[in-house]
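Just below is one structure, and these are the notes that go with it.
2 protein chains.
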Amino acid sequence: MHGHEHGADPHHHAHDFDVVARAEDLCRARDLQFTRLRRDVLETVAAAQGPLGAYDIAERLSVPGRRVAAVSVYRALDFLTELGLVHRIASRNAFVSCAHEHGAGEGLVFLICRTCGGIGETTAREFEAGLDRALDRAGFKPASRIVEVEGECGACRERQV
Amino acid sequence: MHGHEHGADPHHHAHDFDVVARAEDLCRARDLQFTRLRRDVLETVAAAQGPLGAYDIAERLSVPGRRVAAVSVYRALDFLTELGLVHRIASRNAFVSCAHEHGAGEGLVFLICRTCGGIGETTAREFEAGLDRALDRAGFKPASRIVEVEGECGACRERQV
DNA sequence: GCGCCGTATGTTACAGTGTATCAGCCTTCC
DNA sequence: GGAAGGCTGATACACTGTAACATACGGCGC
Chain X
3 MHGHEHGADP HHHAHDFDVV ARAEDLCRAR DLQFTRLRRD VLETVAAAQG PLGAYDIAER
63 LSVPGRRVAA VSVYRALDFL TELGLVHRIA SRNAFVSCAH EHGAGEGLVF LICRTCGGIG
123 ETTAREFEAG LDRALDRAGF KPASRIVEVE GECGACRERQ V
Chain C
3 MHGHEHGADP HHHAHDFDVV ARAEDLCRAR DLQFTRLRRD VLETVAAAQG PLGAYDIAER
63 LSVPGRRVAA VSVYRALDFL TELGLVHRIA SRNAFVSCAH EHGAGEGLVF LICRTCGGIG
123 ETTAREFEAG LDRALDRAGF KPASRIVEVE GECGACRERQ V
């Protein structure tokens, strides 16, 4: 599993090549800089099969003559995460790219496959609504949510049948 | 916020002193050892107002003459987490104690307060059901779930009105 | 041109998180 | 007594993340 499932109709982006185009649009629209480093980091994450750690990214971007420090990668990742182009997987301390548009109340869920190590996504509005009710009961005012499920993705289940 | 909210009727344990008793029962029932280190770690986590990192715990347990290494704390935390006596907060790399009984299909949610830094809990079966449907649609077979919400807890909201 | 300022990046150092490995200790079981 | 297994200690190491400061580059006013 190295793409994304989205909503009730899972579909896969084997390459996610359009993330960069989306990044350019977003940055133009908001008058932000889409620099070389940010592009490199985004492309690296998008090209990866699974989630990448910041130091992995730094290593992949470092070639003899140009060394990219992890701290620079973190800054680029912060920038990209802010724009929603990259997601952080808290339970793995790693990052994945994402070309989707994400709206509020969408109920974004990350699916972490134990077998292939890939990260999928799905959304569930109904679950988001149920969560909101629970938060309301508890008197808690939410600002951000993290929902991560570990298990086995469909592709890996089929493969081992 | 330094207790736990549970279900529709939030209640607080200011001290969680009964966690240790629960640990003893559990270990007796399963023929596991509730050693001094494990007890110390559990008591330290339970006594804390907010989540504690493993190194924090190690430091608090270390006195001149007895130094507790972080690695020992990790082992004890693994043990306690396995029993459900301690929860790991993935987005904070930290741990909290918990005296509840947790059943399957319960929909456990961690509430992380930005203001006081405390960790609350709530549960929402309906939300769990919605999540299960979304996972089913995506063809994903779940093994474990992490739901963490960051925001502002009820106590802090009242305090600043 | 020149200086100023804000943003992005480079560099180093450091703090925090987590695991691997080996050794010793203690209890239990034969 | 001796073997085996579980727990802890100790050291080293890898990985994750941030703080602090310096530098480079581009725009803008003069």
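Heads up: the protein sequence lines correspond to chains X and C, in order.
Under this note's numbering, the first residue of the first sequence is numbered 3, with each subsequent residue one higher.
Under this note's numbering, the first residue of the second sequence is numbered 3, with each subsequent residue one higher.
Note that CB positions come from ideal geometry on N, CA and C, so glycine has one too.
Treat the numbers as computed from the prediction; the structure is a model and nothing was measured.
Interface criterion not met: the Cβ of residue 55/C is under 8 Å from no Cβ in chain X. For the options 157/C, 21/C and 22/C, the alpha carbon positioned closest to that of residue 142/X is the one of 157/C.
Closest in alpha carbon position to residue 100/X, among 26/X, 83/X and 114/X, is 83/X.
Residue range 21 to 32 is occupied by the alpha helix (DSSP H) that includes residue 31/X.
Shown in chain order are the members of the region 137 to 149 of chain C whose Cβ falls below 8 Å from a Cβ of chain X: 137, 139, 140, 141, 142, 143, 144, 145, 146, 147, 148 and 149. Sequence-distant partners of residue 126/C (beyond 5 residues in either direction) whose C-beta falls short of 6 Å from its own C-beta, in its chain, are 109. Setting aside the 5 residues that flank it on each side, residue 53/C is surrounded in the same chain by 91, 94, 96, 97, 98 and 121, each with a C-beta closer than 7 Å to its C-beta; the list follows chain order. By a beta-carbon distance limit of 8 Å, residue 44/X contacts residue 21/X. Their separation comes to about 6 Å. Take the alpha-carbon of residue 104/X and the one of residue 24/X: they are about 13 Å apart.
Residue pairing of residue 61/C in beta bridges, as defined by DSSP: absent, with no partner found.
Under the 8 Å criterion on CB atoms, residue 128/C is classed as interfacial with respect to chain X.
Shown here, residue 163/X sits in coil according to DSSP, grouped into three states, outside any helix or strand. Residue 78/C is not a Cβ neighbour of residue 116/C, given a cutoff of 8 Å.
Under the three-state reduction of DSSP output, residue 136/X falls in the helix class. In the three-state reduction of the DSSP assignment, residue 37/X falls in the coil class, being assigned neither a helical nor a strand state. Checking the DSSP bridge columns, you'll see residue 146/C partnered with 152/X. Annotation: residue 119/C has no Cβ neighbours in chain X at a cutoff of 9 Å; minimum Cβ distance is about 14 Å. Of all residues in the region 83 to 99 of chain C, those with a C-beta nearer than 8 Å to a C-beta of chain X are 92 and 93, reading in chain order.
Distances from the alpha-carbon of residue 144/X to those of 154/C, 148/C and 138/C put 154/C closest. Beta-bridge partners assigned by DSSP to residue 97/X: 54/X and 90/X.
Annotated as proximal: residue 72/X and residue 60/X, with beta-carbon spacing under 8 Å. Inter-residue distance for residue 27/X and residue 36/C is about 58 Å (C-alpha atoms, whole angstroms). Assignment of beta-bridge partners to residue 125/C by DSSP yields 110/C. Of all residues in the region 149 to 163 of chain X, the ones placed with a Cβ closer than 7 Å to any Cβ belonging to chain C are 149, 150, 151, 152, 153, 154, 155, 156 and 159, in chain order. Each of 114/C, 56/C and 133/C was checked against the Cα of residue 112/X, and the nearest Cα belongs to 133/C. In the structure shown, residue 77/C falls within a helical segment according to DSSP collapsed to helix, strand and coil.
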